[in-house]
Structures are given as C-alpha cells and as structure tokens.
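Report on one structure; see the data block that follows.
2 protein chains.
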Amino acid sequence: MLVIKVGGAEGVDYEAVCQDLAELAKEGQPWLLVHGGSHETNEVATALGHPPEFVTSASGYTSRKTDRRTIEIFEMVYCGKRNKGLVERLQALGVNALGLSGLDGRLLEGRRKKALKIVDPETGRRRVLRDTYTGTVETVNTGLIELLCGAGYWPVVSPPGISHESEAINVDGDRAAAKIAGALAAETLVILSDVPGLLRDFPDEGSLVTHLAKADLASAREELAQGRMRIKLLGAEEALEGGVKRVVLGTSKGEHPVRAALAGKGTVIE
Amino acid sequence: MLVIKVGGAEGVDYEAVCQDLAELAKEGQPWLLVHGGSHETNEVATALGHPPEFVTSASGYTSRKTDRRTIEIFEMVYCGKRNKGLVERLQALGVNALGLSGLDGRLLEGRRKKALKIVDPETGRRRVLRDTYTGTVETVNTGLIELLCGAGYWPVVSPPGISHESEAINVDGDRAAAKIAGALAAETLVILSDVPGLLRDFPDEGSLVTHLAKADLASAREELAQGRMRIKLLGAEEALEGGVKRVVLGTSKGEHPVRAALAGKGTVIE
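Top line first, the protein sequences correspond to chains X and L. The first sequence runs 204 to 473 under our numbering. The second sequence runs 204 to 473 under our numbering.
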C-alpha cells in the first residue's frame, strides 16, 4: 500500500498527480490519496465574509483558527469542491475513486483540543484560545479502508476528522496522512506540495536536502524547516514511528510526480 | 430497506429528521438517507458572485441552470457543508453514518443532457440551452450500498451524479431517491420537505391530498401540483414503476417526521 498526500497550496498540480495515480492504479499498485485545500479555503472564506485567521502555537506551529463557521467553509472546499473534483477527475481517468472525509464512518477519529495555547500576534504574550474545532487524529478506521479497497474502490480522503464527542475537527492533512500510512502499514508515504522538498535555504531550490535520517528529523525541524514544512517533517516523523519505512517529500509539479518521488526525487526520509 | 429523501428548501427541519432516523436505526430499521441543499446553494452562489439562475423546460419543469462553476458551488454545499453536517449530527446521535455523492464509486450514474430545450424567460420562445451539467440517474451502484450497509454503515447520499463520460451532473434529488429506492427494492420511499404533502390549493395546508392512486399520478401532476411538487410526483411515479410499494410525501417538521410519514401522515401514494 502506498499513501500519497497532495497539499492544498497555490500552484499544486492536481492534474499531474491524478494522471500519475491513474497509471499506477492500472499497473496494480494500490494507493490511498489524502488531499488538502488550504489555499482555496482562504479564498472562499474571504469571499463569504469570514476571512481566514491563523494562530501560532506556543511550540511554534502555525494553524488555521477554526471556529464553527470555519469548519463549515472548510468542509465546503475540502469535502465538496476539492474532494469531488478529484474523484471526478480520477473516474474520468478510469479509476473507481471514492471520496471520504474523516467524519465518514469515523475514518479519522481523535481528540479535540478545546483550548489552544497560542502566542498573541499583537502582544507576543501567550494566551489560551477557546471554542476552536481543531484536533489530532488518534485512530484510523482501517476496516473501512480495507472494505473499500478490497471491493475495488480507490479512497480519496480529506480532513476534517471527528472528535471522540463526534464534532468535526480540523486535523492537519500531512499528519493525518502519516497516521493513515502507519495504520495501513504502508511501505511509503509520499507528501507532495508546491516545493521540491526540504530546502536548506528556502526558497532556493538548489538547497534541497536529498536525504534525511530519522534520527536527524527533530533537529531538521527546529533548524532548517519553516512554516508548513515543519509540520510535514513532524508528519514524517510520526509516519516512521508508526512503522512506515520511507517518507518522501516531493513536488506535485512536472510529469509523473508520484513516481518521481518514489524514485527518490525530493527529500527521502528513512 | 427504507429510503428517505429530505429536501433542501428553507425551513426543512434536519434536526427532527436526524433524531428520528437515529431512533429508527437503534430499532434495527435499515435506511438510506438522500438529501438536498438547494436553498443554501442559492445563498452561497449569490455570496460568491455567481447567483443562481433557473430555467423552465419545454415540458414545464423548473431546474437550476448548471454551468461548470455552478457544479462546483453545488458540490461545496451539497457534498461539503450539508452532507458532512448530516454525517456529523447522525454520528453524534450514535449512527455510524457515511456520506457519499453520486460521483463516489459511480453511485448514481446517468446520461448528461448536453442540450436542454427551455422556454426563454424573456421572449417566451423555445430555445436550446447548451453547456449545461445536468442529467438523469439511470443506474445505481447497489453493490456499493450493500457493501457499506452490510458492514454497519448508514449511507447519507447527495447529488451530483456522474455521467457516462465521468462528468459531475446535477441530478434531481427526489428522482435520484426514487431510483435508489427502486434499485434497492425498498418497501417505502419517504420524501420530506417544508410542506405537509400534495396540496390541492397551495399553500392551504387544509387542502392536503391524503391518498393518491398510482393511476392518478399523471393527472395530479398536471392539474394539482406546482413548482417542486411536480418533480416530487414524477419521482413518486418513477419509484412505483421501479417496484417501490409506497411513496409518502410528508413534512420534515414536528416530532418524528419519518415515523409520522410511515404511519401515513402526508400524501400516501400507492
């Protein structure tokens, strides 16, 4: 089993990813796709008069401030337009794709963080943010995935997840993909985005880190990575800890982006 | 098997429907829910600067003018916010709900009507509307529904459907529910909306038609029904033709709306 995460940043080439996945499916390679939708969620939220806000946690991670209205807009883009757009495109390419969110059949269940410790952007002081619908995936309904894959369907999976109390929660897509890959005992997790991998000097693409040992992940996260890449490295670490053999951070751009990553193009972490 | 359609008009009481469905599930009654989202699609489409337009076919049926951008907004509301909102609520009520659109696993496949014969609202003349993403469900992937129901999941189904060429197509929810009920050999199809059933003198609720024979459906459609109710009666006819024993048109309002309809409250068609 191969788990692929394709990000939701501006510039991600979904068409190249779908074409590559369709070819892999025809070759008999089982896969599960996890996707994002962040950039478009920002656009739709702004158009609907509820512009996005981001918060930085005390440990330095940036995430979307997610109130109830944000969850609804998030679902519109991730589970609606993006998920169904990918299912439609994959179906047209001959893949019997089936879209699921983490809510469906409790696919991605976890703990809701009712209070987030954040750094106040105005004062720089730490404070607690409440009424937030965010959380972390703890369990994956692998039975549902196996049921569908066994019957010839190709899962296309999207946040949000579901809390133990059955609330929709915004869970990070990279970390959700890592959890899924671990739960399915996937050989490889491929995380595709709009950059070629971990860059030593962002955004200089010539500074790509081609290999990273598991033991060096924590320091790379603290010293090299910026922004979203820090969470991708956290996801990579969680995937390896979950039993995944190899994580490749690659670009969605160019021909055969999935196979290029599988061939080692990008940052290979093992 | 019981198939329930709950409409997307303003004033539909989803909470009452979910609570009733959860109780039925606990009593061991298998069901499949089909839902709409029309009112909210109108709101979101307007907010996003792509206000809804409706066309009237030469045979007198009104439908949403559906270009590619409309399909995306439609998916945002139907497959995103509404579908996931219902799944979340049912999960909170103890039902292992799982949302699917007609695209997923080609659940609702049919023919795309590339050209619609409509009545021009300005000139009153007939003309042909092209580039529309609408169609009619022809086949239901009952294998997928049986797979999921057999494994303990409760399907929550939403348009759009998928064309034979794998394009997302706007299919009518009532008629899709009728097709599903027929394909599953459901005993009863319950169609809930914001009105108590077929009204002889709309909107006078005292003029409710309590029983309607299958043989009288065509004339009722022509002589009594207006607007959306005409399509519901067409769906009822198609369900009975598909082998469903009984169709009940009822209201989503009040306690136990599903069981009230099953007990004969509304317009019973058989």
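Cβ coordinates follow ideal geometry from the N, Cα and C atoms, glycine included. The model shown is predicted, which means the values in this text are computed figures rather than measured ones.
Taking the beta carbon of residue 295 (chain X) as reference, the chain L residues within 7 Å of it are 369, listed in sequence order. Taking every protein chain shown into account, the CB of residue 323 (chain L) has fewer than 16 other CB atoms within 10 angstroms, so this residue is exposed. Contact annotation: the region 435 to 452 of chain X does not touch the region 335 to 352 of chain L, with fewer than three C-beta pairs closer than 8 Å. Residues of the region 377 to 399 of chain L whose Cβ lies closer than 9 Å to any Cβ of chain X: none.
For residue 235 (chain L), there is no enclosing alpha helix (DSSP H); the residue is part of the beta strand (DSSP E) that begins and ends at 234 to 238. Residue-level contact check: residue 309 (chain L) touches chain X, since one or more beta carbons of chain X fall below 9 Å from its beta carbon. Annotation: Cβ neighbours of residue 356 (chain X) in chain L (cutoff 7 Å, chain order): 308. Taking C-beta atoms as the reference points, residue 392 (chain L) and residue 379 (chain L) fail to come closer than 9 Å. Counting only residues of its own chain and dropping the five nearest sequence neighbours on each side, residue 292 (chain X) has a CB closer than 6 Å to the CB of 221. Residue 385 (chain X) carries a helical assignment under DSSP once its states are collapsed to helix, strand and coil. When the beta-carbon positions are compared, residue 272 (chain X) and residue 240 (chain X) stay at least 9 Å from each other. Among the residues facing chain X, residue 281 (chain L) is included, as its CB has a counterpart in that chain under 9 Å away. Judged by DSSP secondary structure, residue 320 (chain L) falls within the beta strand (DSSP E) whose first and last residues are 319 to 322.
The region 337 to 345 of chain X and the region 308 to 318 of chain X touch, with three or more beta-carbon pairs separated by less than 8 Å. Within the model, the alpha-carbon separation for residue 397 (chain L) versus residue 321 (chain L) is close to 27 Å.
One alpha carbon belongs to residue 373 (chain L), the other to residue 472 (chain X), and they sit about 44 Å apart. Cβ-Cβ separation between residue 233 (chain X) and residue 245 (chain X): approximately 33 Å, too far for a contact (criterion under 8 Å). Sequence-distant partners of residue 229 (chain X) (beyond 5 residues in either direction) whose C-beta falls short of 8 Å from its own C-beta, in its chain, are 297. Under the three-state reduction of DSSP, residue 405 (chain L) is assigned to coil, being neither helix nor strand. Contact note: residue 287 (chain X) reaches chain L through 278, 282, 304, 306 and 371, using a C-beta cutoff of 7 Å and chain order. Where residue 303 (chain L) is concerned, the enclosing beta strand (DSSP E) starts and stops at 300 to 304. When CB distances to chain L are screened at a threshold of 8 Å, the residues of the region 238 to 266 of chain X falling below it are 247, 250, 251 and 252, in chain order. Per DSSP, reduced to three states, the secondary structure at residue 414 (chain X) is strand.
Of all residues in the region 312 to 325 of chain L, none has a C-beta nearer than 9 Å to a C-beta of chain X. Counting C-beta atoms within 10 angstroms of its own C-beta, residue 355 (chain X) has fewer than 16 neighbours from the protein chains shown and is therefore classed as exposed. The alpha-carbon of residue 215 (chain X) is positioned some 19 Å away from that of residue 450 (chain X). With respect to the 9 Å criterion, residue 401 (chain L) and residue 437 (chain L) are not classified as neighbours on the basis of their beta carbons.
Residues of chain X whose Cβ lies closer than 8 Å to the Cβ of residue 365 (chain L) are, in chain order, 291 and 294.
Per DSSP, residue 345 (chain X) lies in no beta strand (DSSP E); the unbroken alpha helix (DSSP H) holding it starts and ends at 345 to 353. In the DSSP assignment, residue 360 (chain X) falls within the beta strand (DSSP E) that extends over 357 to 361.
At least 9 Å separates the CB of residue 225 (chain X) from every CB of chain L. If you draw a straight line from the Cα of residue 277 (chain L) to the Cα of residue 299 (chain X), it is about 22 Å long. Under the criterion of beta carbons closer than 8 Å, residue 383 (chain X) and residue 227 (chain X) do not qualify as touching, at roughly 17 Å.
Residue pairing by DSSP places residue 208 (chain L) opposite L:237 and L:394 in a beta bridge. Burial check for residue 429 (chain X): the Cβ neighbour count within 10 Å stays below 16, so the residue is exposed. Residue 262 (chain X) sits in coil when the DSSP states are folded into three classes, being neither helix nor strand.
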